[in-house]
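A short worksheet on the structure shown next.
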Amino acid sequence: AQKVTQAQTEISVVEKEDVTLDCVYETRDTTYYLFWYKQPPSGELVFLIRRNSFDEQNEISGRYSWNFQKSTSSFNFTITASQVVDSAVYFCALSDRTGNQFYFGTGTSLTVIP
Amino acid sequence: DTGVSQNPRHKITKRGQNVTFRCDPISEHNRLYWYRQTLGQGPEFLTYFQNEAQLEKSRLLSDRFSAERPKGSFSTLEIQRTEQGDSAMYLCASSPWGFGDRDTEAFFGQGTRLTVV
Chain P
7 AQKVTQAQTE
17 ISVVEKEDVT
27 LDCVYETRDT
37 TYYLFWYKQP
47 PSGELVFLIR
57 RNSFDEQNEI
67 SGRYSWNFQK
77 STSSFNFTIT
87 ASQVVDSAVY
97 FCALSDRTGN
107 QFYFGTGTSL
117 TVIP
Chain V
27 DTGVSQNPRH
37 KITKRGQNVT
47 FRCDPISEHN
57 RLYWYRQTLG
67 QGPEFLTYFQ
77 NEAQLEKSRL
87 LSDRFSAERP
97 KGSFSTLEIQ
107 RTEQGDSAMY
117 LCASSPWGFG
127 DRDTEAFFGQ
137 GTRLTVV
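These protein sequences, in sequence, are chains P and V.
Using this note's numbering, the final residue of the first sequence is 120, and nothing's skipped along the way.
Using this note's numbering, the final residue of the second sequence is 143, and nothing's skipped along the way.
Below, the structure is given as structure tokens:
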């Protein structure tokens, strides 16, 4: 069975602080994909990143970085120098190689205080 | 391309009424998904289409729910005899899955918020 756990329900940080959002996943598959999505108050889920299970290289995109560790089944997301516009709910998701379903965690609500 | 479009954005209906939502995916995306999201939860899978074929349905999709994707383009999700428990955000997503290893992400619309009173 596929499962994604985001243990942090809500996080508040002061602007310019760094923040890490945790994601732990469960799967028996050897080929799978991991995703992060951002959901601002408008409601639309915005795609941020995809990782496949064979690529454990960390990735950096501007102020965003992702740390994928298969040994701990984690795919954590760090925002450096947070900004008020980063305030949103962030979801981690998992799919198998077929992509028939995306399994989402319960999300982490991030509030960046000016 | 304007992304995934969903209509209406909001729908308020009385219990027992039927409602229909529409989703226009990104053009040429072969996959289309429907998800439901309740307050404080992540999206839950309802069903997906590969072109016009509905290939998988969740147990969440009771017989009051039906989805179609005629001609493999837009899709509709109908809920018959709505119940208060149907109140949620209904999200549609499309994906070019299968065109290459890189094309595995799903792009979501802004959702239709249903309130059953």
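For glycine and all other residues, C-beta sits at the position ideal for the given N, C-alpha and C.
Simplified DSSP state of Lys40/V, which is helix, strand or coil: Here Lys40/V sits in coil by DSSP.
Taking one C-beta from the segment 97-113 of chain V and one from the segment 54-64 of chain V each time, how about it: are there three or more such pairs within less than 8 angstroms? Yes, since at least three Cβ pairs between the segment 97-113 of chain V and the segment 54-64 of chain V fall closer than 8 angstroms, the two stretches touch.
Which whole-angstrom value describes the C-beta separation of Ile17/P and Leu116/P, a residue pair presumed to lie in contact below a C-beta threshold of 8 angstroms? Confirmed, Cβ separation roughly 5 angstroms.
Cα-Cα separation between Ile38/V and Cys98/P, rounded to whole angstroms: Ile38/V and Cys98/P have their C-alpha atoms some 30 angstroms from each other.
In the DSSP assignment, find the unbroken beta strand (DSSP E) run with Val30/P in it and report its ends. From DSSP, the beta strand (DSSP E) with Val30/P extends over Val30 to Glu32.
For Arg95/V, count neighbouring C-beta atoms within 10 Å of its own C-beta (all shown protein chains included) and say buried if the count is 16 or more, exposed if not. Label assigned to Arg95/V: buried.
C-alpha gap between Leu51/P and Tyr96/P, whole angstroms: Leu51/P and Tyr96/P have their C-alpha atoms spaced approximately 9 angstroms apart.
Interface residues of chain V around Ser48/P at Cβ under 8 angstroms? Residues of chain V passing the Cβ test: Gln136.
Under 8 angstroms between beta-carbons, which chain V residues line up against Phe83/P? List them in chain order, please. For Phe83/P, none of the residues of chain V pass the 8 angstroms Cβ criterion, the least Cβ distance being about 15 angstroms.
If I measure Cβ to Cβ from Thr130/V and keep anything under 8 angstroms in the same chain, skipping five residues before and after, which residues do I get? The residues are Ser121 and Trp123.
Distance, Cα to Cα, Arg90/V vs Arg107/V? Straight-line spacing of the CA atoms in Arg90/V and Arg107/V works out to 7 angstroms.
Under 8 angstroms between C-beta atoms, does Gly68/V make it to chain P? Chain P contact via Cβ: present.
On the premise that Ser71/P lies in contact with Gln65/P, defined as a C-beta separation below 8 angstroms, what is that separation, rounded to the nearest angstrom? Per the sequence shown, the amino acid found at residue 65/P is Glu instead of Gln. That pair is a contact at about 7 angstroms.
For the beta strand (DSSP E) containing Thr46/V, name the first residue and the last one. Element bounds for Thr46/V: Val45 to Asp50.
What's the call for Asp35/P, buried or exposed, on a 16-neighbour Cβ count within 10 Å? The residue in question, Asp35/P, is exposed, as its Cβ has fewer than 16 Cβ neighbours within 10 Å.
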